[in-house]
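In terms of my numbering, the sequence shown opens at residue 10 and continues consecutively. Cβ coordinates follow ideal geometry from the N, Cα and C atoms, glycine included. Please read all numbers here as calculations on a predicted model, not as lab measurements. First the structure, in the form of structure tokens, and then the observations on it.
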Amino acid sequence: KMAEDRESSDRKHEKSKKRDRKHDKNYDKKGKESLEQKNDSVKWKFLEHKGPVFAPAYEPLPSNVKFYYNGKHVVLSELAEEVATFYAKMLDHDYTTKEVFNKNFLKDWRKTMTQKEKELITDLSLCNFKEMSVYFTKKSEERKAMSKEEKKKIKEENEALQKEYGFCTIDGHKEKIGNFKIEPPGLFRGRGEHPKMGMLKKRVMPEDVLINCSKDSN
């Protein structure tokens, strides 16, 4: 009888442990450690990849595409010109009619200007981006009108890039990388009336990136 009592007590104790595990976030329904706890474990022993692909370098505007301030032609420094093109590309968009967007843009744009440019350009309403806007609209139309051969060439270049940078090796297994391209610089848009709309999304440089891979990887 004593043996039966001990056996009954053991069964009750085991049931109690199962109930506790059921309510324990570190265990799943099968009584095993949950993924949340397993996430602290080692994911890989060897990781090798080529790193990310950075956005193409800025190409200055042709000399015949001009920027005007208060009716006068102004030659901008390269960085200030690049940021100005971000605004010019959105000139026909509703964003450029919003006070918050324009205020944030001018504030961040001025941070990229030389001292001379800062002293001159203080009022966004006096800036004329029209020629820039027309230039980029034309470039966009040219891309749409490309021949099949030109489109094929671009496709092949993208495939070559995907082949070189789009895969990594994890413990001897080749795996596809979801996104290996770093977002190019531009202006933040956000959803709805976002308070940061118009702010500059700066160019990511190699020194800004920390690579996660094995020490002996190529």
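For the alpha helix (DSSP H) holding residue 163, just list the boundary residues, first then last.
-> Locating residue 163 in the sequence shown gives position 154, counting from the first residue. Start and end: 157–174.
Return the first residue and the last residue of the beta strand (DSSP E) that residue 184 is part of.
-> Locating residue 184 in the sequence shown gives position 175, where the first residue counts as 1. Note, residue 184: beta strand (DSSP E), 182–185.
Could you please give me the residues that DSSP links to residue 140 through a beta bridge?
-> As a position in the sequence shown, residue 140 is number 131, starting the count at 1. Residue 140 pairs with nothing; no bridge assigned.
Environment of residue 142 [buried if 16+ CB atoms lie within 10 Å] | What you label residue 142 is simply residue 133 of the sequence shown in a count that begins at 1. Taking a 10 Å sphere around the C-beta of residue 142, we find 16 or more other C-beta atoms and assign the residue as buried.
Within 10 angstroms of its Cβ, does residue 120 collect 16 or more other Cβ (buried), or is it exposed?
-> Position 111 of the sequence shown, counted from the start, is the residue given in the question as residue 120. Residue 120 counts as exposed, since fewer than 16 other C-beta atoms from the protein chains shown sit within 10 angstroms of its C-beta.
Pick out the complete alpha helix (DSSP H) segments inside the segment 68–124, 4 residues or longer, and give them in chain order.
-> Counting whole runs of 4 or more residues, the segment 68–124 contains the alpha helix (DSSP H) stretches 87–97 and 108–120.
Using a threshold of 9 Å, state whether the C-beta atoms of residue 92 and residue 219 are closer than that.
-> Start at 1 with the first residue of the sequence shown, and residue 92 comes out as number 83. Start at 1 with the first residue of the sequence shown, and residue 219 comes out as number 210. The beta carbons of residue 92 and residue 219 sit no closer together than 9 Å.
Chain-order list of residues whose beta-carbon lies under 7 Å from that of residue 115 (same chain, five-residue window excluded) = Position 106 of the sequence shown, counted from the first residue, corresponds to residue 115. For residue 115, same chain residues with a beta-carbon under 7 Å away, outside a window of 5 residues either side, are 133 in chain order.
Going along the chain, which residues of its own chain have a beta-carbon closer than 6 Å to the beta-carbon of residue 99, five neighbours each way excluded?
-> On the sequence shown, position 90 is the one that residue 99 refers to. Excluding positions up to five away in sequence, the list reads 105.
Residue 214: buried (16+ other C-beta within 10 angstroms of its C-beta) or exposed?
-> Translated into the one-based positions of the sequence shown, residue 214 becomes position 205. Looking at its Cβ environment, which holds fewer than 16 other Cβ atoms inside 10 Å, residue 214 is exposed.
Through-space distance from residue 184 to residue 31, alpha-carbon basis | By 1-based counting over the sequence shown, the position of residue 31 is 22. By 1-based counting over the sequence shown, the position of residue 184 is 175. In this prediction, residue 31 scores a pLDDT of 49, lower than 50, which makes its location untrustworthy; the coordinate-derived value is nonetheless stated afterwards. Spanning the two alpha carbons is a distance of roughly 35 Å.
With distances taken from CA atoms, which of 56, 55, 64 and 54 is nearest residue 170?
-> In the sequence shown, counting from the first residue as 1, residue 170 sits at position 161. Out of 56, 55, 64 and 54, 64 has the C-alpha closest to the C-alpha of residue 170.
Near residue 182, which residues of its chain fall below 7 Å by C-beta distance, leaving aside the five closest residues on each side in sequence?
-> Counted from its first residue, the sequence shown places residue 182 at position 173. Excluding positions up to five away in sequence, the list is empty.
Local conformation of residue 57 per DSSP, three classes | Taking the first residue of the sequence shown as position 1, residue 57 is located at position 48. Collapsing the DSSP output to three states places residue 57 in a strand.
Between the CA atoms of residue 194 and residue 109 - distance to the nearest angstrom | For the purposes of this step, residue 109 is identified with residue 100 of the sequence shown, where counting begins at 1. For the purposes of this step, residue 194 is identified with residue 185 of the sequence shown, where counting begins at 1. C-alpha separation (whole angstroms): 20 Å.
In three-state DSSP terms, what is residue 153?
-> Locating residue 153 in the sequence shown gives position 144, counting from the first residue. Reduced to three states, the DSSP call for residue 153 is helix.
Where residue 50 falls: helix, strand or coil (DSSP) = Taking the sequence shown and counting its residues from 1, one reaches residue 50 at position 41. DSSP, read as helix, strand or coil, puts residue 50 in coil.
Looking at residue 197 and residue 136, is the spacing between their C-beta atoms short of 9 Å?
-> For the purposes of this step, residue 136 is taken as the residue at position 127 of the sequence shown. For the purposes of this step, residue 197 is taken as the residue at position 188 of the sequence shown. Contact flag unset, no.
DSSP state of residue 131 mapped onto helix, strand, coil | Within the sequence shown, the letter at position 122 stands for residue 131. Coil.
Local conformation of residue 190 per DSSP, three classes | To locate residue 190, count along the sequence shown from 1; it is residue 181. The answer is strand: DSSP assigns residue 190 an E or B state.
Should residue 54 and residue 226 be called a contact, given that it needs their Cβ atoms to be closer than 9 Å?
-> In the sequence shown, residue 54 corresponds to position 45, counting from 1. In the sequence shown, residue 226 corresponds to position 217, counting from 1. Cβ atoms of residue 54 and residue 226: not closer than 9 Å.
Can you tell which of 190, 107 and 67 has its C-alpha closest to the C-alpha of residue 199?
-> For the purposes of this step, residue 199 is taken as the residue at position 190 of the sequence shown. Scanning 190, 107 and 67 for the CA closest to the CA of residue 199 turns up 107.
So is residue 80 buried or exposed if we call it buried at 16+ other beta carbons inside 10 Å?
-> Mapped onto the sequence shown, residue 80 falls at position 71. Using a 10 angstroms sphere on the CB of residue 80, the tally of other CB atoms stays under 16, which defines it as exposed.
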